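Residue numbering for the sequence shown follows the working numbering, beginning at 18 and increasing consecutively. Even for Gly, the Cβ is constructed at its ideal location relative to N, Cα and C. It should be emphasised that the depicted structure is a prediction, and the values quoted were computed from it without experimental measurement. Input: a single structure, listed below in structure tokens.
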Amino acid sequence: MKVNDLANYLESIAPLNLQEPYDNSGLIVGHPEMEIKGVMCSLDCTLAILEEAKILGCNVVVSHHPIIFKGLKKIHGIHYVDQAVMFAIKNDMAIYAIHTNLDSVFRHGVNEKIAKKLELKNLQILSPKMGNPEIGIGMFGNLEQEMQTEDFLRFVKDRMQTKLIRHTAFLKPTIKNVAVTGGAGAFLIQEAIKSGADIFITGDVKYHEFFEANSQIVLLDIGHFESEQFTIELLFGLISEKFRNFATHCTKISTNPVQYF
Numbered sequence: 018m019k020v021n022d023l024a025n026y027l028e029s030i031a032p033l034n035l036q037e038p039y040d041n042s043g044l045i046v047g048h049p050e051m052e053i054k055g056v057m058c059s060l061d062c063t064l065a066i067l068e069e070a071k072i073l074g075c076n077v078v079v080s081h082h083p084i085i086f087k088g089l090k091k092i093h094g095i096h097y098v099d100q101a102v103m104f105a106i107k108n109d110m111a112i113y114a115i116h117t118n119l120d121s122v123f124r125h126g127v128n129e130k131i132a133k134k135l136e137l138k139n140l141q142i143l144s145p146k147m148g149n150p151e152i153g154i155g156m157f158g159n160l161e162q163e164m165q166t167e168d169f170l171r172f173v174k175d176r177m178q179t180k181l182i183r184h185t186a187f188l189k190p191t192i193k194n195v196a197v198t199g200g201a202g203a204f205l206i207q208e209a210i211k212s213g214a215d216i217f218i219t220g221d222v223k224y225h226e227f228f229e230a231n232s233q234i235v236l237l238d239i240g241h242f243e244s245e246q247f248t249i250e251l252l253f254g255l256i257s258e259k260f261r262n263f264a265t266h267c268t269k270i271s272t273n274p275v276q277y278f
């Protein structure tokens, strides 16, 4: 089984043409004809992830976030991006990223995974693209039973395994309709309001962006890593169920650069 076979499968789920213009999804390091010995699934592709992969006999890392976003003009091995790229090349390893294209699909996408973790029903894309209800960013759904707002935040904290939730003021005693977007999703606050959601869960919300809730929705920032960490499970499930002729692993390393005191 070759890297290109894996890439073709992943792109059948999340085509590369769905990625945002700034993105760099796809095969980043490695030859498409390289034989796969094993695959490591991760959120980020750092040097530590590559070292872990090598120890487990994996020569391919499939990460959500691309290790390279911009062009590299110099590689000195000092910056974390340089270190990862150099290690991969030296050890004949491939790096594949499946980022905003995986954010943009309904079935098997990042936001469907979040919605399922929160047990949301009647799912639909929050912000559809190209008039296609199966393509777009974010997810909207309903809780089977209304929950008290504080109880729902405790539920989110538990299910999303986050230590801290930043939020706007509560507006209603209960929560029923929920919008979610993994990663930095503040740009979808207005879409979440239009959807009729009681609460919008995302990450990386800036101070002034909290004001955009405008007393029309409760805005939750659970953290970028925390909102997308279950993408590792998602990738593992997709790859391990499709390919049985090599081992697939989930990283045991947290790449979250944000620590809490």
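Put simply, the backbone Cα of arginine 176 is about 14 Å away from that of glycine 199.
When C-alpha distances from lysine 54 are compared across Leu119, Lys211, Glu208, Val78, the shortest belongs to Val78. With fewer than 16 other Cβ atoms from the protein chains shown falling within 10 Å of its own Cβ, alanine 186 counts as exposed. Looking at the DSSP output, glycine 55 shares a beta bridge with Ala264. Around the beta carbon of serine 271, fewer than 16 other beta carbons lie within 10 angstroms, which makes this residue exposed.
Taking a cut-off of 8 Å for Cβ pairs, the stretch 128-141 and the stretch 40-52 do not touch, as fewer than three such pairs fall below it.
C-alpha of alanine 114 to C-alpha of isoleucine 95: approximately 22 Å in a straight line. Leucine 251 and isoleucine 210 have their C-alpha atoms roughly 28 Å apart. The DSSP-derived three-state label of methionine 156 is strand. Distances from the CA of glutamate 161 to each of Gly153, Ala132, Gln178, Glu167 were compared; the closest alpha carbon is that of Ala132.
Scanning Asp238, Ala201, Gly148 for the CA closest to the CA of isoleucine 182 turns up Asp238. Secondary structure remark: continuous beta strand (DSSP E) runs of at least 3 residues inside the stretch 44-116, in chain order: 55-59, 77-80, 111-114. Classified as buried, asparagine 128 has 16 or more neighbouring CB atoms from the shown chains inside 10 Å of its CB. Per DSSP, the continuous alpha helix (DSSP H) segment holding alanine 24 begins and ends at 20-30. In the structure shown, histidine 125 falls within a coil segment according to DSSP collapsed to helix, strand and coil.
Listed as beta-bridge partners of glutamine 162 by DSSP are no residues whatsoever. Between aspartate 61 and histidine 93, the gap from beta carbon to beta carbon reaches 9 Å or more. Bridge partners of lysine 189 according to DSSP: none are assigned. For the pair serine 42 and asparagine 118, the CB atoms are nearer than the 9 Å cut-off.
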